[in-house]
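These notes concern the structure reproduced below.
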Amino acid sequence: MNEKINSLKQEVEQKLKSVSTMKELNEVKTFYLGKKGPISALSSMMKDLSVEEKREFGSALNKLKQEVNLMMEEVRIRLEEEELNRRLEKEKIDVTLPSTSVHFGSVHPLTQVIDEIEELFVSMGYDVVEGPEVETDLYNFEKLNLPKGHPARDAQDSFYITEELLLRTQTSPVQARTMDANTEKTPIRVICPGKVYRRDDDDATHSHQFTQIEGLVIDKDISLADLKGTLEVFARKVFGEDREIRLRPSFFPFTEPSLEVDVSCMKCGGKGCSVCKGTGWIEILGSGMVHPNVLRACGYDPEKYTGFAFGIGPERVAMLKYGISDIRAFYTNDKRFLEDFNRVKGSEE
Amino acid sequence: MRVSKNFLNDYVKVDDLDFHELAEKMVFCGNEYESIERLSDATGLVIGEVVECVDHPESDHLHICQVNTGKETKQIICGAPNVRAGLKVIVAEVGAVLPGNITIKKAKLAGLESNGMICSLEELGLDSKYLRPEDKEGIHELPLDAPVGEDAIHYLGYDDEVIDFELTADRADLMSMLGMAYEVGAIYDRKVTYPETEVETISEDVSEVHTLSVETKDCPIYLGRMVRNVQIKESPMWLKNRLMASGIRSINNVVDISNYVMLEYGQPLHFFDSDALGRDVIVRNAKEMEEMTTLDGNKRVLGPDDLVIANKNEAVCLAGVMGGLNTEVEENTKNIFIEAAIFDALKIRNTARHILRSEASSRYEKGIDPNRTRMAIDRACYLLNKYAGGEVLSGCLVHDTTSKEDKKISITLEKINQVLGMDIPKDKVEESLLRLGFTFEGNDPYVVSIPTRRLDVNIKEDLISEIGKIYGYHKVIGKLPVVEEKPGTYLPMSKMIKNTRKYMNGVGLNQVITYSLTSLDLVDKYVMNKGDNIVLLNPLSEERRVLRKSMIQSLIDVYDYHHSRHMDDLQIFECGKAYYQIEDEMIEENLVTGLLSGTYLSTSWKQDAMVSDFYLVKGIVEGFLNYLGLNRRYQFRTNDLNKDLHPGRSCSVYVDNECVGYLGQVHPKNHKKELYVFELSLDKLLSKKVRMVKYKEISKYPVVHKDVAFVVNIDTPSEELMNVIKKTGGRLLTEVTVFDVYKGENVASDEKSIAYALTFQDQNRTLEDKEVTEIFHKIIENVEKKCNAKLRDK
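As they're listed, the protein sequences go chains U and H.
Here the first sequence stands for residues 156 to 504, numbered as in the numbering used here.
Here the second sequence stands for residues 536 to 1329, numbered as in the numbering used here.
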């Protein structure tokens, strides 16, 4: 009996060697392990054996079954591996061919600057507020201490719709609107981003439409030191940690004192270069302490409240930050220009 | 305002200062400058004397000159027509540098050695507007007493340095040399000296010749004096130089004096030819349509808002702006009536705006110190006497309603430091005030006297600003405000726009920003149900005359820009506004507008690119509405179509039965290319209340899939079938998709087949075949009945 078992085992071994497909393997498997196969036939012979022989033969037969199964499993694994390798070979592609044009839409560089500034000020507790672009003379000028006929109006040539209505020339009217709307006359901390318009011919440095971000803080005991500290935070966030700012007196009708703010040159760090025209400083924004006339015109008592205001030009910030030389690029929207900014910004070298 | 060092030095000592450093210090007092330069940049020029001058034997115009330059006599070949022996001339020696970076070298001219060059004024680099024809055509002839060998530029006064300040609108006082002197004096702690005005007068009084009547409230002060027998001639060198440094062309001694005094005091003067003027000097408003000819020869038509000086017959001067031709000071003028007046700033501003701006009007617009009016007129008399030989009449015609008192501002040290956020010591505050020339009484609180010259200092804060300037703003140490801690917030619309941008970027659209102004021709394109145009009164061009009511045209313009550069694949969007008015209300409606053209997604070397089409745009809009949480609340309708979109390839977008925008292909009549656009009102979308996201358990139970195809009339919108399927399917039908639309063989030519894949699932149990089949058959039945459809055989 054992001979039969051994020879059967050898026979299976032989058979399996020539198996090269899953189909053949299954055939071999069905043949030998099937109900009518040789192993079954052997086990049917058991009934004629003695108990002792039965046990012996039974265990030998079980062993044979296990061994056959094992052999077949090994072959299966070998075949699967071969098949996988064939498939991999077949599926091979030229990975160096160009890719599919997956595209993440770009954020306009001006919006990037505005977002960055908004987020900074919101993190310092400022509310973002907005106002109309079609503005009244009252809010655009008069409430801001620029009565009709004031020579400073010349600096802001305006597009008029009627005698009393114009396209706002600055975001400052939102200051006045915010103060007016605050009926309780409580402290204010806002920034006001938006589009503004001036009657200027478009060229590399002028645009009849541009953007501004106005900042306003009204509270008790607000001083110029608070303005400077706040703008230092702004300058360092937007232009780099090492920036310094300096205040230069100037004149804006709606602030007194009025100050131009220069930031130490982001290109040369203050040593002097072509960007800062050798001075080491770049003018970035106008600011000042809110003029008592403005506070009064908007219902705040200048004896109780003081405040500061500043106006940032996102175009100017973007031009300085990225070295853009022509303001019209922002409004031309060339996709190559837009997509150049479509990335995480690297750090300064 | 151009400030010459020599000129300024008459009023405050600056000749020992570095003018560049002074300019920088002025910047930190709020006075920026545009440029700083010397009148002439030429170097190496000396005064020479032509000792001998003979014609060049081989030239028809060259002269051989022997020129004594002090140390030696050198041969110079000169081609100027006016060169001759005995002249004192400007010699550029070998090594001299003339403007334009021209270095003078030893040269041979027509075979003869020339050791330098004799110069004309033009060659010194002076602006040609200040030069006479002879200054350009020939060499400059110096006075015969010019000292040979000395620096010619210095002798001529052309080594003067000039700073061109850009003044801020509030500093009227700096439009005068005296004002500048006070500012510089404050910085350097130096005293200001006033010019000489004392002059001997003749016994005749001005009131014997002229009478004054002021018939308008817009002339607070008018003074008139008179000078007889002036000799009109060329101005002396120093006067010409100072005017040139100040940007004013010399005319003659008399006219120059009027400009000179204006520069000194900031007080414009007007000189009339007294004889042409006649006796009466009347200050009044012009009459309606009154005409006069100004001294530039132009006829001006005036109105009651313009002020004039008139005699008995007619207006003879446009007050504060420009004199009249009839009473102009001319070569043969003998007697001069001098006006020094202050006119209402607003009136002058208006007149200057519609007629013309002048040096005088720009000063009147900003305001004049009433204490200088008399000084200026007296100064003019003094100078006319000294430099034009005039006899000054005694007396002065006076109309004066102005106050000459100093303003008083009371202020405390605490207030100063509170506003500046500094800790300026008391003595420094007092020192700053004194430097500024502001006297004070008291000892904290102070009562500070503000001289009338400082029209810009009226309130505490103005004064604090001045103290800050002198003490130095660089000393402010920044800190953050001590305020209530609270989180910052965004407006709902700001958040809406941020979300919109996030979504649009995510689906691959580039954000653009375009101009709000458009033309009247284009403003009504792509607009639905909007109000009236908001039109500018004073546009710069027809292209930008009216505020846009739709942004689609702007995006098409961006497409055209790219198309002309062979970039036809474009996916862009803009968040902006439509502007219109309904009755008197100005409306600014927030929109999001998108444009897609060409390939949306592709692999360049494969053929199966995804090209922008209606369904892509629809998908983007649908995805956006879902992103906003509006799923199941929107519909795409084919009524109310936008007339500028393709009627067969566009639809309107409804949310909660309100039209919020539209999408589709740009009408071929408007654009040749296949452009797909959408425009949605963010204001309308924001008005839709959206519930908070709530967790819904995902069903654990198996899904059942069923496919079905119907044949319907070719014009039946597929949505009709979809609606019936969804309605019939009810809660258990969790998803329906169209997986095939077929026209052609086996389907009648006026029919189409649409195939749907249905998914059934229950939240709480496994569905039984029977119930799914029941619903499925009901769906088939309803679709057949309601949509006039036939079940398509498998």
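For every residue, glycine included, the Cβ atom is placed at its ideal position computed from N, Cα and C.
Keep in mind the model is a prediction, meaning the values are calculated, not measured.
7 Å Cβ shell around residue i - same chain, five flanking residues per side excluded
i         : result
H:PRO1330 : With chain H running from 536 to 1329 in the structure shown, residue 1330 of chain H is simply not present.
U:PHE492  : ALA484
H:GLU1193 : LYS1219
H:THR1251 : CYS1322
H:GLY673  : ALA615, PRO616, ASN617, SER655
H:ILE896  : Here the sequence assigns Ser to residue 896 of chain H, which means Ile is not the residue at that position. If we look at H:SER896 and ignore the five residues flanking it on each side, its Cβ neighbours are GLY855, VAL856, ILE883, ALA887.
Among the options, the one whose alpha carbon lies nearest that of residue i
i         : options                                   : result
H:MET1257 : H:ASN1299, H:SER770, H:TYR757, H:GLU1319  : H:GLU1319
H:VAL1271 : H:GLY621, H:ILE1289, H:GLU1280            : H:ILE1289
H:ASP962  : H:THR987, H:ILE1002, H:ARG988, H:SER929   : H:ILE1002
U:GLU271  : U:LYS459, U:THR434, U:LYS392              : U:LYS392
H:TRP1140 : U:PHE314, U:THR251, U:GLY384, U:PRO302    : U:THR251
H:LYS1331 : H:LEU798, H:GLU1020, H:GLU1254, H:ILE1249 : For residue 1331 of chain H there is no data in the structure shown, the boundaries of chain H being 536 and 1329.
H:ILE722  : H:VAL749, H:GLU733, H:GLU559              : H:GLU559
U:LYS159  : U:LYS432, U:VAL257, U:PRO193, U:PRO306    : U:PRO193
H:ILE944  : H:VAL1239, H:GLU976, H:LEU919, H:ASP831   : H:GLU976
H:ALA627  : H:GLY621, H:ARG537, H:CYS613              : H:CYS613
H:GLY902  : H:MET910, H:ILE877, H:GLU894, H:LEU891    : H:ILE877
H:LEU647  : H:HIS591, H:ALA687, H:GLN802              : H:HIS591
H:THR908  : H:LYS643, H:PRO803, H:ALA687, H:ASP791    : H:PRO803
H:GLN766  : H:LYS752, H:THR936, H:ILE737, H:VAL864    : H:VAL864
U:LEU382  : U:PHE465, U:SER173, U:THR434              : U:PHE465
H:LEU1347 : U:LYS350, U:PHE389, U:ASP249, U:THR434    : Nothing can be reported for residue 1347 of chain H: it is not among the residues displayed for chain H, which extend from 536 to 1329.
H:GLN1200 : H:VAL1212, H:VAL836, H:ARG725             : H:VAL1212
H:THR728  : H:LYS548, H:VAL796, H:VAL697              : H:LYS548
U:THR324  : U:LEU275, U:TYR294, U:LYS303, U:ARG332    : U:TYR294
H:GLU900  : H:MET772, H:VAL1247, H:MET710             : H:MET710
Beta-carbon contacts of residue i that lie in its chain and below 6 Å, excluding the five residues immediately before and after
i         : result
H:GLY1196 : VAL1188, GLU1214, LEU1215, SER1216
H:VAL1225 : GLY1164
H:VAL1047 : VAL1093, ILE1107, GLU1109
H:GLY630  : GLY579
Chain-order list of residues whose beta-carbon lies under 8 Å from that of residue i (same chain, five-residue window excluded)
i         : result
H:ASN764  : LYS869, ASN870, GLY924, GLY925, GLU926
H:TYR1025 : LYS1033
U:PRO412  : LEU379, PRO404, GLY443, MET444
H:ASN650  : LYS609, GLN610, ILE611, GLU628, VAL629, LYS641
U:TRP436  : ARG401, ASP417, VAL418, SER419, CYS420, GLY425
H:ASP1067 : TYR1115, GLN1116, ILE1117
H:ILE737  : ARG763, GLU926, VAL927, LEU928, SER929
Check: residue i C-beta below 7 Å from any heavy atom of the ligand SAH
i        : result
H:CYS852 : This structure does not include the ligand SAH; it has no bound ligands of any sort.
Nearest-angstrom Cβ-Cβ length linking residue i and residue j, presumed shorter than 8 Å
i         : j         : result
U:THR313  : U:LEU301  : A small fix is needed here, since residue 313 of chain U is Ser in this sequence, not Thr. 11 Å between Cβ atoms; not a contact.
H:MET1145 : H:SER1137 : 7 Å
H:THR862  : H:ASP808  : 5 Å
H:VAL589  : H:HIS598  : 7 Å
Within-8 Å CB hit, residue i to chain C
i        : result
U:TYR315 : In the displayed structure, chain C is absent; the protein chains listed are U and H.
| query | Can you list the beta strand (DSSP E) stretches of 3 or more residues lying completely in the segment 941–979 of chain H, in chain order? | reply | 942–946, 975–977
| task | Mind checking the segment 553–579 of chain H against chain U and listing, in chain order, the residues whose C-beta falls within less than 9 Å of any C-beta there? | result | VAL562, PHE563, CYS564, GLY565, ASN566, GLU567
| task | Entirely within the segment 668–725 of chain H and at least 3 residues each: give me those beta strand (DSSP E) ranges in chain order. | result | 696–701
| field | Interfacial residues, the segment 457–475 of chain U to chain H, with Cβ spacing under 9 Å | value | PRO457, THR461, PHE463
| request: With a floor of 3 residues, list each beta strand (DSSP E) that falls wholly inside the segment 544–627 of chain H, ordered by position along the chain. | output: 567–573, 578–590, 598–603, 608–613
| message | Residues of the segment 321–337 of chain U in Cβ contact with chain H at a cutoff of 7 Å, in chain order, please. | response | none
| said: At a CB distance below 9 Å, what residues from the segment 1039–1057 of chain H approach chain U? Give them in sequence order. | reply: MET1039, ASN1040, GLY1041, VAL1042, GLY1043, LEU1044, ASN1045, GLN1046, VAL1047, ILE1048, THR1049, TYR1050, SER1051, LEU1052
| said: Output needed in chain order: residues of the segment 1127–1157 of chain H with a Cβ under 7 Å from some Cβ in chain U. | reply: LEU1136, SER1137, THR1138, SER1139, TRP1140
| task | Name, going along the chain, the residues of the segment 367–387 of chain U whose beta-carbon falls closer than 7 Å to a beta-carbon of chain H. | result | VAL372, ASP374, ASP376, ILE377, SER378, LEU379, ALA380, ASP381, LYS383, GLY384, THR385, GLU387
| For the segment 1195–1226 of chain H, which residues have a CB atom closer than 7 Å to at least one CB atom of chain U, in sequence order? | From the segment 1195–1226 of chain H, no residue has a Cβ closer than 7 Å to chain U.
| Which residues, taken in chain order from the segment 666–678 of chain H, show a beta carbon closer than 7 Å to some beta carbon of chain U? | Against chain U - using a Cβ distance shorter than 7 Å - the segment 666–678 of chain H contributes no residues.
| request: Compile a chain-ordered list of the residues in the segment 1002–1013 of chain H whose CB is closer than 7 Å to at least one CB of chain U. | output: Considering only beta carbons, the part of the segment 1002–1013 of chain H lying closer than 7 Å to chain U consists of GLY1003, LYS1004, TYR1008, HIS1009, VAL1011, ILE1012, GLY1013, in chain order.
| Of all the alpha helix (DSSP H) runs that stay within the bounds of the segment 995–1042 of chain H, which reach a length of 4 or more residues? | 995–1006, 1027–1041
| request: Using a Cβ-Cβ cut-off of less than 7 Å, list which residues of the segment 347–362 of chain U approach chain H; keep chain order. | output: LYS350, ARG354, ASP356
| Taking any Cβ of chain H, which residues in the segment 433–445 of chain U have a Cβ under 8 Å from it, in chain order? | MET444
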